[in-house]
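Which chain is which? The protein sequence lines are A, B and C, in order.
Per this note's numbering, the first sequence starts with residue 93, numbered consecutively.
Per this note's numbering, the second sequence starts with residue 12, numbered consecutively.
Per this note's numbering, the third sequence starts with residue 9, numbered consecutively.
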Amino acid sequence: MDFLVDNFGSILFYVVAAITVATAVGVVTFRNPVHSAVSLLLTFLMVAVLFIMSHAEFLAAVQVLVYAGGIMVLYLFVIMLVRITDLGPGTVFLSGLAPLAVLGGVVLGCLIAIGILLGSMAAGDGSAAAMTAIDGEAIGNTEAVGWLLYMKFLVPFEVVSVVLLVAMIGAIVFGRRDAALAGAGEEVEP
Amino acid sequence: MIGATHYVALSLILLCIGLVGVMVRRNFITVLMSLELMFNAVNLNLIAFSFRLGDLTGQVLAIFVITIAAAEAAIGLGLIIALVRLKDTVALDEADEMGG
Amino acid sequence: MKLYDLIWLIPILPLLGAIFNGLVSNRLGLSKSVTNAVALLGSGLAWLLGWAAIVQWILELGIHHTHVVRLFSWIQGGSLRILDGSLAEIDIAASFQLDAVSALMVFFVTFVGFLIHVYSIGYMHDESDRAYARYFSYLNLFMFSMLVLVLGSNLAVLFVGWEGVGLCSYLLIGFYFEKDWCAAAGMKAFIVNRIGDWGFLLAIFATFMVFGTLEFTEFFPAAAAHPEHYASAATVIGLLLFVGAIGKSAQIPLYVWLPDAMAGPTPVSALIHAATMVTAGVYMVVRCNVIYRLSPTAMLVVAIVGGLTAIFAATIGLVQNDIKKVLAYSTVSQLGYMFLGAGVGAFVAAIFHVLTHAYFKACLFLGSGSVIHACGGEQDIRKMGGLRKYMPTTYWTFLVATLAISGIPIFAGFFSKDEILFKAFEAGASDLNHFGSTYYALWILGMVGAVLTAFYMFRLVFMTFHGEFRGGEEAEHHLHESPWTMTMPLVVLGVLSIFGGLVGVPGKLFGHPEWNLVERFLEPILLPIGHAAEGGHDLSHHAVSLGLEWGLVLASVAVAGFGIWLAYRFYMGAEAFVRPRRLAERFPLAYKLLLNKYWMDEIYDATVIAGTVNGSRILWEFDARVVDGAVNGTALTTVGSSFMSGIFDLRVVDGAVNLIGTSYDVASRWFRKLQVGFAQGYAMVMVFGAAILLAVYYLFKLN
Numbered sequence: 093m094d095f096l097v098d099n100f101g102s103i104l105f106y107v108v109a110a111i112t113v114a115t116a117v118g119v120v121t122f123r124n125p126v127h128s129a130v131s132l133l134l135t136f137l138m139v140a141v142l143f144i145m146s147h148a149e150f151l152a153a154v155q156v157l158v159y160a161g162g163i164m165v166l167y168l169f170v171i172m173l174v175r176i177t178d179l180g181p182g183t184v185f186l187s188g189l190a191p192l193a194v195l196g197g198v199v200l201g202c203l204i205a206i207g208i209l210l211g212s213m214a215a216g217d218g219s220a221a222a223m224t225a226i227d228g229e230a231i232g233n234t235e236a237v238g239w240l241l242y243m244k245f246l247v248p249f250e251v252v253s254v255v256l257l258v259a260m261i262g263a264i265v266f267g268r269r270d271a272a273l274a275g276a277g278e279e280v281e282p
Numbered sequence: 012m013i014g015a016t017h018y019v020a021l022s023l024i025l026l027c028i029g030l031v032g033v034m035v036r037r038n039f040i041t042v043l044m045s046l047e048l049m050f051n052a053v054n055l056n057l058i059a060f061s062f063r064l065g066d067l068t069g070q071v072l073a074i075f076v077i078t079i080a081a082a083e084a085a086i087g088l089g090l091i092i093a094l095v096r097l098k099d100t101v102a103l104d105e106a107d108e109m110g111g
Numbered sequence: 009m010k011l012y013d014l015i016w017l018i019p020i021l022p023l024l025g026a027i028f029n030g031l032v033s034n035r036l037g038l039s040k041s042v043t044n045a046v047a048l049l050g051s052g053l054a055w056l057l058g059w060a061a062i063v064q065w066i067l068e069l070g071i072h073h074t075h076v077v078r079l080f081s082w083i084q085g086g087s088l089r090i091l092d093g094s095l096a097e098i099d100i101a102a103s104f105q106l107d108a109v110s111a112l113m114v115f116f117v118t119f120v121g122f123l124i125h126v127y128s129i130g131y132m133h134d135e136s137d138r139a140y141a142r143y144f145s146y147l148n149l150f151m152f153s154m155l156v157l158v159l160g161s162n163l164a165v166l167f168v169g170w171e172g173v174g175l176c177s178y179l180l181i182g183f184y185f186e187k188d189w190c191a192a193a194g195m196k197a198f199i200v201n202r203i204g205d206w207g208f209l210l211a212i213f214a215t216f217m218v219f220g221t222l223e224f225t226e227f228f229p230a231a232a233a234h235p236e237h238y239a240s241a242a243t244v245i246g247l248l249l250f251v252g253a254i255g256k257s258a259q260i261p262l263y264v265w266l267p268d269a270m271a272g273p274t275p276v277s278a279l280i281h282a283a284t285m286v287t288a289g290v291y292m293v294v295r296c297n298v299i300y301r302l303s304p305t306a307m308l309v310v311a312i313v314g315g316l317t318a319i320f321a322a323t324i325g326l327v328q329n330d331i332k333k334v335l336a337y338s339t340v341s342q343l344g345y346m347f348l349g350a351g352v353g354a355f356v357a358a359i360f361h362v363l364t365h366a367y368f369k370a371c372l373f374l375g376s377g378s379v380i381h382a383c384g385g386e387q388d389i390r391k392m393g394g395l396r397k398y399m400p401t402t403y404w405t406f407l408v409a410t411l412a413i414s415g416i417p418i419f420a421g422f423f424s425k426d427e428i429l430f431k432a433f434e435a436g437a438s439d440l441n442h443f444g445s446t447y448y449a450l451w452i453l454g455m456v457g458a459v460l461t462a463f464y465m466f467r468l469v470f471m472t473f474h475g476e477f478r479g480g481e482e483a484e485h486h487l488h489e490s491p492w493t494m495t496m497p498l499v500v501l502g503v504l505s506i507f508g509g510l511v512g513v514p515g516k517l518f519g520h521p522e523w524n525l526v527e528r529f530l531e532p533i534l535l536p537i538g539h540a541a542e543g544g545h546d547l548s549h550h551a552v553s554l555g556l557e558w559g560l561v562l563a564s565v566a567v568a569g570f571g572i573w574l575a576y577r578f579y580m581g582a583e584a585f586v587r588p589r590r591l592a593e594r595f596p597l598a599y600k601l602l603l604n605k606y607w608m609d610e611i612y613d614a615t616v617i618a619g620t621v622n623g624s625r626i627l628w629e630f631d632a633r634v635v636d637g638a639v640n641g642t643a644l645t646t647v648g649s650s651f652m653s654g655i656f657d658l659r660v661v662d663g664a665v666n667l668i669g670t671s672y673d674v675a676s677r678w679f680r681k682l683q684v685g686f687a688q689g690y691a692m693v694m695v696f697g698a699a700i701l702l703a704v705y706y707l708f709k710l711n
């Protein structure tokens, strides 16, 4: 019992990490895209937990709201919209590519791991206090993030807004009924 | 104890899984979902460093990433619709009009 | 212009005749009359001019004056350092000289030559016009060469004549060149001569190296003035000159060409191989008497070779059955006598014998030609006999000449041969150069040779002209005397054979040495040597007493008489041929040996000829295999390498050019594969690229 209490943080982390990895593998592996979508949803939730563990409460909320609530819903809408039987009796994975891709991924992963190991970052605790303070004033994480967002990072904030606008326009353009034939320049009745 | 290194390692694992998924899956939708996974890995990395270094900039960046990921998801799904309308399939290996 | 200044014209006149007959009469086929006229003019004018020039020279300049006529500078070279260290200028002139010995030679060469030209008109009558013209052209050319030889004032001009007579000998021996054996005989003569000429050339080089000059008037006095200084050089030069003489004058071992030379027309045999060419060697030795007198060794060698040849050839002549072959071996034998004379210091006697031999040997050959002509080409004396009745002129002249050659008194040959034998004896008695016993032995050989000479010559006379004709009835009907063109020279020569020797009567026997005209005439050529000499004729007068001298004369007559008597016993009368046949049966081996001329030609064939031919074959093999192989190999290599070059050009060069094009093709094909339009492929490439970049970065960072 003491062990559990003493190391609750570590145990929690490992458990959450394991679930995250498992669901991530599930995303990549499931045949049915719906299953992949659900798996992805779980991954998002786990990541949100990890965010909370890192004292990024605001971001955890944003993750759940935007990713889990918005993007996944969107994916599920599209999956339902598109007749998934199109995939046919073909394979899930591209046949020739799988081993090579895994290899590539592993190699890249190892290389990056080497980089991390060589890095001068010493293991150590983060400071929870810093996560909630601006200029030493403890105001809570959300306020702190908000303050930074609208003060220091205003211009990027505005730019990202424009990007969202552009994306919205693009999505509409893509979604038009005659979008597929738009390249041909034919007039199609909407 | 759990330090930044653990988070970074986890983020790396998630990145690799997502990378493999992008490269390997035949279904375009799944590919996009693997892509989202990669975004999450990046976010995890950013948050881990932000915590470790005590700088909130990491979290701000993570917000931007989430925003852009949303935008990209929208575009991607629009692409799927277009592809389905054109080729009547979501299999990527059949989308090789531009191939030599 | 004095006639003796025109001595250069004496050879030129026959030369012009030769050129005309050879290039015009021969080519255009002019009639025989034209050819005759030109040829006779050529030799006749030379004869007349020669005699006239000699007479004028004797009368105006005297026999002691050597008259040199220098025409032009012939060979001009740079300077050569000669043996005594001084620098000698090579300046050989084309010049002629008239002195005692050359005058004597010109005297009989032109005269006998002219007579033989006349004789040839009759003898060659049956030839075609062109062959006739060719013959006379060669004959005139020979006269030219011989006269150049005897009139030359230096060794080089002499050598020109020397080679010229060799050439003409070849041309004339091989006159009937359509017959293989005639052509072969001509070649044999020339080649054997050449061997002698090699020695002569070396002698010329040696003379130049020792004396720095080739002019007789220059180096003879020089040699005579310093006898000890030049003694060893004189030996070398003398021996080398004698090698030339051995070839030209048919001594052992280079005599083998002379019997074969009988393949030529008979007048040719008479002129060249009896009277003139073969005596050139003797002339040369006598001309260079100064050199020989300086070298006792050389003189001894000359004497020994001469003596051995004399007897060797005489033995062969004993049993020959071809009339011309007998005369040929007789010539070789007589030449041996001449060299024997020269070798014992009797240079005057040697030249005197040349003169008398010219008369009687020419007469004998021309006579034999007449006989052959009458017998329709038959030359075997076993098929002749009793020709005395049918051709009296020929018979009497032949007999007279035979008496001369046998050495019967007052006939020409007696005086000269007797002089030689006497001098040989005297050389023995006075122990000349300390070789006295050798000279005695040579005298004995000479005496034996005289017996043999008389014997075989009279054998010839008896078998040919006496007894019964053995040639068959058919031939007997054709027997006739020859035309006047042939008999006239015979008569002239016959008369000379009788009285020609009287110019050399040994007056000393009667206490009047001045009666020996020849000796007085030729005295100037025997230059006095340094201090009072051995090898001269100074000592000689005291060695043999007058009584002994008379005894020797009678002895030589006796041996000649014995030879004639023996021949009479063997070949005349009722028991003719019985004794020789019995003798041959009793000594079959000896008979065979002599009949086959000691198998000398066969021995030469097996040794020298075979050796040369095999040596040539080896060299030919080397040339054909190795040298030609190398050359062919080079050719093959060239062909091969150019082939390779072509291939190279085709494959490699063109290939390289094509390669560039192909590489573009391949590269573009490969690059095209990159653009598959397959997005995930791009993604993978990106991953790998990133991996590589990271790896490279780490490597750099680690270093």
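All residues carry an ideal CB built from backbone N, CA and C; glycine is no exception.
Owing to the predicted nature of the structure, the values given are computational and were not obtained by experimental measurement.
Residue from the options whose Cα sits closest to the Cα of residue i
i, options, result
"I260 of chain C", "C:S51, C:G204 and C:L106", "C:G204"
"A462 of chain C", "C:G571, C:F630, C:P532 and C:T364", "C:G571"
"A321 of chain C", "C:L49, C:L262, C:V621 and C:F373", "C:L262"
"G515 of chain C", "C:A47, C:H474 and C:E557", "C:E557"
"L195 of chain A", "B:V19, B:G32 and B:T16", "B:G32"
"A96 of chain C", "C:A54, C:G52 and C:F219", "C:F219"
"G454 of chain C", "C:V294, C:A568 and C:W55", "C:A568"
Residues bridged to residue i [DSSP beta-bridge criterion]
i, result
"D330 of chain C", "C:D388"
"V77 of chain C", "C:F104"
"G160 of chain C", "C:F104"
Assigned exposure category for residue i - 16 Cβ within 10 Å defines buried
i, result
"G384 of chain C", "exposed"
"L308 of chain C", "buried"
"M109 of chain B", "exposed"
"D546 of chain C", "With a pLDDT of 47 at D546 of chain C, under the threshold of 50, the predicted position of this residue should be treated as unreliable, and no value is reported."
"H381 of chain C", "buried"
"A236 of chain A", "buried"
"Y705 of chain C", "exposed"
"Q342 of chain C", "buried"
"H133 of chain C", "exposed"
"M12 of chain B", "exposed"
"N44 of chain C", "buried"
"H474 of chain C", "buried"
Own chain residues within Cβ distance below 8 Å of residue i, not counting five before or after
i, result
"Q155 of chain A", "F136, V139, A140 and F143"
Chain-order list of residues whose beta-carbon lies under 6 Å from that of residue i (same chain, five-residue window excluded)
i, result
"R36 of chain B", "V42"
"F423 of chain C", "G509 and G512"
"F185 of chain C", "A191"
"N162 of chain C", "L222 and E223"
"A336 of chain C", "L266, P267 and M270"
| Looking at chain A, which residues of the stretch 67-84 of chain B have a Cβ within less than 9 Å of any of its Cβ atoms? | Interface annotation for the stretch 67-84 of chain B against chain A: L67, T68, G69, Q70, V71, L72, A73, I74, F75, I77, T78, I79, A80, A81, A82, E83 and A84, criterion Cβ-Cβ distance under 9 Å.
| field | Contact residues within the stretch 692-708 of chain C, judged by C-beta distance below 7 Å to chain A | value | M692, V695, F696, A698, A699, L702, A703 and Y706
| said: Against chain C, which members of the stretch 40-55 of chain B pass a CB distance test of less than 7 Å? | reply: none
| task | With 8 Å as the limit, tell me which residues of the stretch 651-665 of chain C have their beta carbon closer than that to any beta carbon of chain B; keep them in chain order. | result | Hits within the stretch: zero.
| said: What are the residues in the stretch 17-43 of chain B lying within 7 Å of chain C by C-beta distance? | reply: Listed by position, the residues of the stretch 17-43 of chain B near chain C (Cβ gap below 7 Å) are L30, V33 and M34.
| chain C contacts made by the stretch 188-210 of chain A, where a contact means CB separation under 8 Å | L189, L192, A193, G196, G197, V199, L200, L203, I204, I206, G207 and L210
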